[in-house]
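Please read the structure below before turning to the comments.
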Amino acid sequence: MLALFLSVYGINLSAQEKSSNYVHISKSDMELTVYNVDGQVLFRCMVGCGKELGNKQKKGDNRTPEGCFPITQIQNSSHWAHDFCDGKGLIEKAYGPYFIRLGVKGFTGIGIHGTCFPESIGTRCSEGCIRLHNKDVEKLIDLVTVGCLVTIEKDTVQ
């Protein structure tokens with residue numbers, strides 16, 4: 001099931017990757033789903049994604065990248081702050097409890113993370129990352145490891 005799903009993207013998997021859970025994100029449906037190697041759904045939740053439609057082209061374009069990316073790090077982000085350039089200054093705990101960093105070629109700061117703005121989930125709200133409710137990112141880190149693949153589907157709504 002996993003190989004069939006990823007063959008659409010022309011991706012060949014290593015033995016380690018074939019034994020891992022994998023994540024599928026639909027930007028159009030604002031939904032993240034975790035599957036096991038047999039294609040069974042293990043977890044599903046709502047997300048927030050990039051403010052702008054389409055595939056990420058450059059830093060600062062507020063788009064979420066599309067394609068298949070490995071998880072490169074799972075970091076405790078509970079102490080991280082961020083200035084969203086909205087006049088409110090530096091916001092503490094901006095990324096929630098965890099930041100799951102993705103290996104997106106050409107970009108270093110793309111990931112799946114919690115949020116200090118729970119009302120933003122289900123909307124186009126981010127600078128390119130995938131936002132989850134904090135309780136959902138806490139569940140997700142129990143289901144994924146470094147090396148797991150995350151597929152972010154192309155926007156179907158334009």
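Residues 1 to 158 in the UniProt record's numbering are what the sequence shown lists, from first letter to last. For every residue, glycine included, the Cβ atom is placed at its ideal position computed from N, Cα and C.
1. Contact defined as beta carbons within less than 8 angstroms: I believe GLY48 pairs with ILE121. What is the distance between those atoms, to the nearest angstrom?
2. Beta-carbon within less than 7 angstroms of ALA94's beta-carbon, same chain only, minus the 5 sequence neighbours each way: which residues are those?
3. If you draw a straight line from the alpha carbon of LYS154 to that of GLN75, how long is it in whole angstroms?
4. For the beta strand (DSSP E) containing MET31, list its first residue and its last residue.
5. What's the gap between the Cα of MET1 and the Cα of ILE91?
6. Tell whether a beta-carbon distance below 7 angstroms holds between VAL104 and PRO70.
7. Pick helix, strand or coil for PRO118, following the three-state DSSP scheme.
Reading off the structure:
1. 5 angstroms
2. TRP80, ALA81, HIS82, CYS116
3. 26 angstroms
4. Per the sequence shown, the amino acid found at residue 31 is Glu instead of Met. Run containing GLU31: 31-35, per the beta strand (DSSP E) assignment.
5. Caution is warranted here: a pLDDT of 47 is assigned to MET1, below 50, making its placement in the model unreliable, and no coordinate value can be reported.
6. no
7. helix
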